[in-house]
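When you read off a place in the sequence shown, starting at 1, and then add 299, the result is the number in the working numbering. Below is one structure, written out as C-alpha cells; the observations come after it.
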Amino acid sequence: MRAGTKRTLAECLDTDDSYSEMVHDDMWTRNSARIGHASARLDMLETRIESIWAILRDHERRIEVTSRKIEITPRKIEMTNRKIEIANRETANRENQERISDLHDMINRVGQQKIMESAVGCSHIRNRFISTFRRDILRDATSKDREIIGQGNLVADKGNLWADAKLYDREGFVTENGKQFSPRDDYHVFKQLYGVAPSFAVIIDYTPTILVLEKHATIVSSAHLQTTDNFKEQFNAFISALKDSDYASGYLVPDSPHLKGLLFAYRAFWDAVRTEVSRRETTDL
C-alpha cells in the first residue's frame with residue numbers, strides 16, 4: 300500500500316500541474332492548474348462585478364433623470380396654471396375696462412346734460428356771481444359790477460363754466476326778464492376763476508375737467524374758504540397739463556396711457572382740495 304501511494308505521488312509529481320513543497324516540516328502536494336483556474340475565475344468575477352457596477356451606475360443616472368423629470372413636471376403644471384390664471388385675469392381686466400369705459404361715457408353724457416340744464420335760465424345770477432367775486436375777493440369791482448349786484452338778491456355760490464362763459468359772447472346775453480346785456484369784457488376775471496379763457500371754455504366738454512374748473516371757481520370765489528399756495532400750484536399744474544394735451548378728454552379711462560400726466564395732475568388737484576382748503580375763522584366782510 301505504501302508502494303502504491305509512492306507511485307501515485309510520483310505520477311502526480313511528474314505532471315506539470317502538480318508540485319510538492321515543505322510547509323512547516325510537512326510535505327504538501329499542490330496542483331497549479333487549479334490555481335490557474337481559480338485565478339481565471341477571479342478575473343471573470345471582477346469583470347462581471349465591474350459590469351454590474353456599470354449597470355448600477357447607469358440605473359442610478361436613469362433614476363436621477365427620472366426624478367428630475369418628476370420634479371420638473373409639477374413646476375411645468377404650476378407655470379401653466381399661472382399662465383392660465385394670468386390670461387384669465389387679463390381677459391377679466393379687459394372686460395372690466397370696457398365696462399368702465401362704457402359707464403364712464405354714460406356718466407360723461409349725463410354730466411354734460413346736467414351742466415347744460417344748469418346753464419339755462421340763470422344769466423342774471425351768473426352775472427352777479429362774477430361781479431360779487433370782483434367785489435368780495437379781488438376788491439376791484441366797477442360801478443357796473445355794483446349795479447349788477449344791486450339788481451337782485453339771488454347769488455350763486457358755485458362755479459358754472461358754460462353759463463359764465465356765455466356772458467362773454469360777442470352778441471351779449473339776455474336775462475330771464477328779457478333785459479339785454481352787453482357781453483362782459485373782464486376776461487382776466489373769468490380766467491382767475493376757471494383757469495382758461497371764455498373762448499376755450501366752450502370747447503371743453505369732458506365732465507371731469509369741467510368739475511375741476513368749477514370746483515376751483517367755487518373755492519376761490521368763497522369768502523369763507525382759504526387755500527394754500529400748494530392748492531394754487533396743483534390747479535395751475537392741471538391747467539398746464541390740460542393745455543399740453545390740447546384739452547383732451549377720456550383721461551380717466553384705463554386705456555389712456557398717453558394721458559398719464561393729465562391724470563396725475565387731475566388726482567393731485569383733488570388731493571389738494573381735501574388737504575389744502577380750509578374754512579376761514581374770521582372774515583372782514
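C-beta: ideal position from N, C-alpha, C; glycine also.
Kindly indicate the opening and closing residues of the alpha helix (DSSP H) around residue i.
| i | result |
| --- | --- |
| R427 | S422 to F432 |
| A462 | L460 to K465 |
| Y546 | Note, Y546: premise wrong, no alpha helix (DSSP H); not H, not E. |
| A496 | Element bounds for A496: n/a, residue is neither H nor E. |
| A627 | Residue numbering for the chain in the displayed model covers 300 to 584; residue 627 lies beyond these limits and cannot be assessed. |
| L510 | T506 to V519 |
Note down, in chain order, each residue of its chain lying with its Cβ closer than 7 Å to the Cβ of residue i, except the 5 sequence neighbours on either side.
| i | result |
| --- | --- |
| V322 | Residue confidence is low: V322 scores 49 on pLDDT, short of 50, so the model does not pin down where it sits. No coordinate-derived value is stated. |
| P507 | L551 and Y565 |
| V576 | I518, L524, T526 and F530 |
Just to confirm the assignment, what range does the beta strand (DSSP E) spanning residue i have?
| i | result |
| --- | --- |
| V576 | V576 to R578 |
| Q450 | Careful: Q450 lies outside any beta strand (DSSP E) and carries neither H nor E. |
| T526 | L524 to T526 |
Considering only C-alpha positions, which residue in the set the options is nearest to residue i?
| i | options | result |
| --- | --- | --- |
| F568 | K531, R483, L558 and H423 | K531 |
| D570 | D554, S539, K514 and K542 | K514 |
| A564 | R578, A540, E580 and E575 | A540 |
| N452 | T431, A462 and A464 | T431 |
| W461 | V576, I502 and Q533 | I502 |
| F499 | E377, S520 and K465 | K465 |
| L510 | V572, V364, D439 and T346 | V572 |
| K457 | Y546, L512, Y505 and D439 | L512 |
Please work out which residues of its chain come closer than 8 Å, Cβ to Cβ, to residue i, disregarding the five sequence neighbours upstream and downstream, and give them in chain order.
| i | result |
| --- | --- |
| R469 | P482 |
| R427 | I447, I448, Q450, G451, L453, V454 and A455 |
| A496 | Y486, F489 and K490 |
Which whole-angstrom value describes the C-beta separation of residue i and residue j, a residue pair presumed to lie in contact below a C-beta threshold of 8 Å?
| i | j | result |
| --- | --- | --- |
| G494 | I538 | 4 Å |
What is the DSSP secondary structure of residue i, counted as helix, strand or coil?
| i | result |
| --- | --- |
| V473 | strand |
| R333 | The pLDDT assigned to R333 is 48, lower than 50, so where the model puts this residue is not dependable; a value taken from the coordinates is nonetheless given after this. Of the three classes helix, strand and coil, the one that applies to R333 here is helix, per DSSP. |
| V322 | Below a pLDDT of 50, predicted positions are generally treated as unreliable, and V322, at 49, falls in that range; no measurement from the model is reported. |
Tell me which residues share the same chain as residue i and place their Cβ nearer than 6 Å to its Cβ, disregarding the 5 neighbours each side in the sequence.
| i | result |
| --- | --- |
| Q491 | none |
| D463 | R425 |
| R579 | H523 and Q525 |
| F480 | G471 and F472 |
| H557 | none |
Let me see if you follow: with CB-CB separation under 8 Å, is residue i close to chain B or not?
| i | result |
| --- | --- |
| G494 | Absent here is chain B; the protein component of the structure consists of one chain. |
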